[in-house]
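See below for the structure under consideration.
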Amino acid sequence: MQDASTHYTGNVMTTTQWPRDERPRERLLAHGPEILSDTELLAIFLRTGTTGMPVMALARHLLDEFGSLRGLMTTSHNGFCRVKGLGTAKYAQVQAAMEMARRVMDEPVRQGDPLISPEETRRYLRSRLGTQHHEVFAGLFLDNRHRVIRYQELFRGTIDGAAVYPREVVRHALDFNAAAVIFAHNHPSGIAEPSQADISLTRRLKEALGLVDIRVLDHMVVGHGEVISLAERGLM
Numbered sequence: 002m003q004d005a006s007t008h009y010t011g012n013v014m015t016t017t018q019w020p021r022d023e024r025p026r027e028r029l030l031a032h033g034p035e036i037l038s039d040t041e042l043l044a045i046f047l048r049t050g051t052t053g054m055p056v057m058a059l060a061r062h063l064l065d066e067f068g069s070l071r072g073l074m075t076t077s078h079n080g081f082c083r084v085k086g087l088g089t090a091k092y093a094q095v096q097a098a099m100e101m102a103r104r105v106m107d108e109p110v111r112q113g114d115p116l117i118s119p120e121e122t123r124r125y126l127r128s129r130l131g132t133q134h135h136e137v138f139a140g141l142f143l144d145n146r147h148r149v150i151r152y153q154e155l156f157r158g159t160i161d162g163a164a165v166y167p168r169e170v171v172r173h174a175l176d177f178n179a180a181a182v183i184f185a186h187n188h189p190s191g192i193a194e195p196s197q198a199d200i201s202l203t204r205r206l207k208e209a210l211g212l213v214d215i216r217v218l219d220h221m222v223v224g225h226g227e228v229i230s231l232a233e234r235g236l237m
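Here it is, written out as structure tokens:
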């Protein structure tokens, strides 16, 4: 008689065939998702393995292949589908899950709502920019009561950087009738530390927007898990 942990259905092992107290889903329901490892969370998402590879083994293989959950969740369609056991359907599931998480993070910062705290702004910008593969420069445009008018991606660049034109930034701010703006961009390297070029650009934008009486409140640099405020650093 086979042990429950080695039962297969059509040569593909599922999470429902493990001992109950070892199943990731049951552990999540009993103790909360925070106790699960990345492998267990991914196994719940995948639900089944492939022929010759149980779901936990597949989950470990994918984390090794992509380096992390982040690497897996943010890879391209082609990069995702080239791995045995994955395909377009699973890729669509990943993208839907990412977008749902992004929208949950976005909810506190909706059009017409006031910004409550720097940390809320950080969370919002991290959800928008933290998974981008290329550098994106964006603006969060606000009215005179710091209510959100619009979040707008202004410039996109290569992995090395984005060209930002102050004249275009001023035009967008005037089009949106903004009284203030918070700028943000990501560092695809994952290191959020602002560069000298970031500091110089911020000062040029602040000067250009000051000519039309629009305040630059901050410029935030988004890395992998960290968002650094130039205003808090005294670099404005």
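Residue 201 in the numbering used here is what sits at position 200 of the sequence shown, and the numbering runs on without skipping anything. Note that CB positions come from ideal geometry on N, CA and C, so glycine has one too. Everything numeric in this text was worked out from a predicted model, so none of it was measured.
Inset, instruction - Could you pull out every residue in the same chain whose Cβ sits closer than 7 Å to the Cβ of Pro-115, ignoring the five residues on either side in sequence? - result: Arg-146, His-147, Arg-148
Inset, instruction - Please work out which residues of its chain come closer than 6 Å, Cβ to Cβ, to His-220, disregarding the five sequence neighbours upstream and downstream, and give them in chain order. - result: So the list reads Phe-184, Thr-203, Leu-231, once near-sequence residues are dropped.
Legend entry - Ser-311 - DSSP class collapsed to helix/strand/coil: The chain is shown from 2 up to 237; residue 311 falls before or after that span and cannot be answered.
Inset, instruction - Report back the beta-carbon spacing between Ala-58 and Leu-47 to the nearest angstrom; my notes put them in contact at under 8 Å. - result: Contact flag wrong, Cβ pair sits at about 11 Å.
Inset, instruction - Taking 7 Å as the cut-off, decide whether the C-beta atoms of Pro-189 and His-134 are in contact. - result: yes
Inset, instruction - Within the same chain, show all residues whose beta-carbon is closer than 7 Å to that of Lys-85, passing over the 5 residues directly before and after it, in chain order. - result: The answer, listed in chain order, is Thr-51.
Legend entry - Length-filtered (4 minimum) alpha helix (DSSP H) runs lying within the region 75-102: 78-82
Inset, instruction - Along the alpha helix (DSSP H) that carries Met-57, what are the first and last residues, could you check? - result: It spans 56-67 - the alpha helix (DSSP H) in which Met-57 sits, taken as one unbroken run.
Inset, instruction - Could you spell out the range, first to last residue, of the beta strand (DSSP E) harbouring Ile-150? - result: From DSSP, the beta strand (DSSP E) with Ile-150 extends over 149-157.
Inset, instruction - Taking Leu-218 and Ala-181 to be in contact with their CB atoms under 8 Å, please state how far apart those CB atoms are, rounded to whole angstroms. - result: 5 Å
Legend entry - Nearest residue (CA-CA) to Lys-207, options Ala-193, Glu-227, Val-171: Val-171
Inset, instruction - Within its chain, find whatever has a CB closer than 7 Å to the CB of Leu-126; leave out the 5 residues flanking it on each side and keep chain order. - result: Setting aside the 5 residues that flank it on each side, Leu-126 is surrounded in the same chain by Ala-185, Met-221, Val-223, Val-228, each with a C-beta closer than 7 Å to its C-beta; the list follows chain order.
Legend entry - 7 Å Cβ cutoff met for Leu-236 and Ile-200: When the beta-carbon positions are compared, Leu-236 and Ile-200 come within less than 7 Å of each other.
Legend entry - Sequence-distant residues of its chain with Cβ nearer than 8 Å to Phe-81 (five each side left out): Leu-73, Leu-87, Lys-91, Tyr-92, Val-95
Inset, instruction - Using the Cα positions of Asp-27 and Gly-191, report the straight-line distance between them to the nearest angstrom. - result: A small fix is needed here, since residue 27 is Glu in this sequence, not Asp. Distance between Glu-27 and Gly-191, taken at the CA atoms: about 34 Å.
Inset, instruction - Return helix, strand or coil for Ile-183, following the three-state DSSP convention. - result: Note: Ile-183 maps to strand in three-state DSSP.
Legend entry - C-beta atoms of Leu-37 and Pro-25 nearer than 7 Å: Against a cut-off of 7 Å, the Cβ pair of Pro-25 and Leu-37 comes out as a contact.
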